[in-house]
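Residue numbers are given in numbering that gives the first Met the number 0: position 369 of the sequence shown equals residue 368, and the series is strictly consecutive. Written out below as structure tokens is the structure these notes cover.
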Amino acid sequence: MPLGRTSAVALLGLTGEIVEVEADISSNLPGFVLIGLPDAALGEARDRVRAAATNTGCEFPARKVTVNLSPAALPKHGSGFDLAIALAILAADRLVNADSVASVVHLGELGLDGRLRPISGILPSTLAAARAGATTVMVPTGNADEAALVPGVRVVGVASLLEAAIWHGGEYTPVPVEPILRAAPMGAAGDNLDLSDIIGNDDAIEAIQVAAAGGHHMFLLGPPGAGKTMLATRLPGILPDLDADAALEVSCVRSLAGLPVGASLATRPPLEAPHHTATAASIVGGGSGVIRPGAAARANHGVLFLDEAPEFQRAVLDALRQPLESGLISIHRANSVAHFPGRFQLVLAANPCPCGQYGARDSECVCAPSARRRYLARLSGPLLDRIDIQLRVARITSATMRMADEKQRADTTTVRSRVVSARAATAERLGATPCALNSQVPGPWLRGPHARLGPSTTVSIDRALERGGLTMRGYDRVLRLAWTFADLDGAQRPTADHLGRALYLRKAISS
Ligand SMILES: Nc1ncnc2c1ncn2[C@@H]1O[C@H](COP(=O)(O)OP(=O)(O)OP(=O)(O)O)[C@@H](O)[C@H]1O
Ligand SMILES: [Mg+2]
């Protein structure tokens, strides 16, 4: 008996590899075996595929069916191999055109009724198939939009196994079925949040502009109701649109996370705001079987906002150190390592103490001094070390509110265009270095000959360094921020004023 062959895609993180699916039919006692390191969900494919074939009217032969997924050493997870397995078997029995089946990559899960269910990770899978040279990819109707985002491959959307078999030349009578669709994506979070909603708080508004322009991580400290959450959720809005590569990466992660992707790539930076009870796995990614991206990967090219940061488990905060350092999230398993991109902008918000009132006007803190100290100490030094902007946010007073009406307030669109030009200025200046944003510039470069500032400019921070009010690391952070201020102002290099403002943006906790 000849073999039936086709291919599917196994995903590990965002990288996909072509899996060859072979089916053999022999005249032994009827049975069905699946070999080639299938996990539990894939093992269930046996029963699902058989029932789907029977119920949709393309019955399998009553002989022994052996399906092999190779390369065997490649971990394979999930239910996306169903369609390929079913068609390989039909091809082995010559119920469909075997050459046609062999030339197409098949992705999709079958329901018991033979309909195809949309699966997560279609975008990275189709991309992997296209990169491996596939010309045609067959996917569930509910995923066809998403697969079609990949240029250079023909995407065939089918609603059921029967429809797929007929497409491959099977002589069956078509039975129209209702395709299983996915929910359409909702608008990006924070679409309707405008910067002009914020009254007063000029320092904080300046700080988030600087954060956006330089890609600086940010820590906001202030009493309840000071508007920390309000500020942080407006940061994605003032970030520039995603470029083509970033858009593809963001959409691929969404696809793998099982979030709706829709018919166009994401163009706006994402915002992820996990709750403080989140586990480390839900932030960095994990899960049994398929390794799913966590909030940090979903925030790639956007903002990861940890509200009430000291309430997060220590393990969660520490797990963020690797992506902050390398922009990459690695999840290790016994037989594999999955990588996700993790270049997010981190925003932490915290109250100054457990009761939240410490340092606020018109209210009194009831926390013991030791409790107060322990509270912020939960944010580990190594984490805070990577955060350039550390700002105290105060509650606005009724006087500020009255005055605010008379003042022109910055709106999201205007600020975004300022951020875009500042980033362009940075990119031009840093052209020869591997950095694109001021936050990525290493200390030695900042103090090196290309960037040297005159002693009259740096006098304020030089003095702070001398007095011990500023560490060397803090000194570099102030310089980084000062360059962002200069880029925002269209200046050639930072002035003493820029340095003064930069120094102010990191006064929240220590001096
Ligand atoms: N500067 C401001 N301009 C306009 N509204 C403000 C301002 N500050 C606070 N508010 C109002 O107060 C509400 C609470 O603000 P927000 O939730 O951002 O505070 P918070 O600092 O995050 O507090 P918590 O520490 O309790 O989380 C907001 O929904 C907003 O309506
Ligand atoms: Mg809040």
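Just so it is clear, CB atoms sit at the ideal spot from N, CA and C, and this is done for glycine as well.
- Using a 10 angstroms sphere on the CB of GLY15, the tally of other CB atoms reaches 16 or more, which defines it as buried.
- Assigned with DSSP and collapsed to three states, GLN439 falls in helix.
- Judged by the Cβ position, ASP202 fails to qualify as a neighbour of ligand 1 at the 8 Å threshold, every heavy atom of the ligand being at least this far.
- Look at the beta carbons and you see the segment 251-261 not touching the segment 213-226: under three pairs across the two are nearer than 8 Å.
- Distance from the Cα of LEU327 is smallest, within the candidate group ARG297, VAL66, ALA203, for ARG297.
- Exclusion of the five residues before and after PRO117 leaves PRO139, GLY141, ASN142, ILE179, ARG181 as the residues of its chain whose Cβ lies within less than 7 Å of its Cβ.
- Under the three-state reduction of DSSP output, GLU177 falls in the coil class, being neither helix nor strand.
- The DSSP-derived three-state label of ARG130 is helix.
- For ASN67, the secondary structure class from DSSP, reduced to helix, strand or coil, is strand.
- Three or more beta-carbon pairs separated by less than 8 Å link the segment 84-93 to the segment 15-30, which places the two stretches in contact.
- Counting the other Cβ atoms within 10 Å of the Cβ of PRO29 gives fewer than 16, which makes it exposed.
- At least one heavy atom of ligand 1 is found less than 8 Å from the C-beta of LYS227.
- Distance between ASP38 and ALA9, taken at the CA atoms: about 12 Å.
- Within 8 Å of the C-beta of GLU307 there is at least one heavy atom belonging to ligand 2.
- Relative to the Cα of PRO175, the nearest Cα in the group ALA158, PRO448, ASP488, VAL414 belongs to ALA158.
- Straight across, the Cα-Cα distance linking GLY168 with SER119 is about 28 Å.
- The three-state secondary structure of GLN491, taken from DSSP, is coil.
- The distance from the Cβ of THR411 to that of GLY199 is about 17 Å, inconsistent with a contact at the 8 Å cut-off.
- For ASN67, the shortest separation between its Cβ and any heavy atom of ligand 1 does not lie below 8 Å.
- Going by DSSP, ASP201 is part of no beta strand (DSSP E) but of the alpha helix (DSSP H) stretching over 201-213.
- Looking at ILE290, LEU89, ARG47, THR470, the one whose alpha-carbon comes closest to that of PRO1 is LEU89.
- Taking each of SER362, ASN350, THR396, ILE388 in turn and checking the Cα distance to ARG372, the smallest one comes out for ASN350.
- Burial state of MET137 is buried, judged by a 10 Å Cβ sphere holding 16 or more other Cβ atoms.
- Judged by DSSP secondary structure, SER159 falls outside any alpha helix (DSSP H); it is assigned neither H nor E.
- In the DSSP assignment, ASP23 falls outside any alpha helix (DSSP H) and within the unbroken beta strand (DSSP E) covering 14-25.
- Assignment of PHE343 by DSSP, reduced to helix, strand and coil, places it in the coil class.
- It is roughly 56 Å from the alpha-carbon of ARG233 to the alpha-carbon of THR65.
- When Cβ pairs closer than 8 Å are counted between the two stretches, the segment 53-64 is seen to touch the segment 89-107, the count reaching three or more.
- Beyond the five residues adjoining it in sequence on each side, VAL104 comes within less than 6 Å, by CB distance, of SER6, ALA128, ALA133, VAL136 in the same chain, given in chain order.
- Bridge pairing for THR135: ARG153 [DSSP].
- Burial of SER438 is indicated by the presence of at least 16 other C-beta atoms within 10 angstroms of its C-beta.
- Around the C-beta of ILE34, fewer than 16 other C-beta atoms lie within 10 Å, and the residue is accordingly described as exposed.
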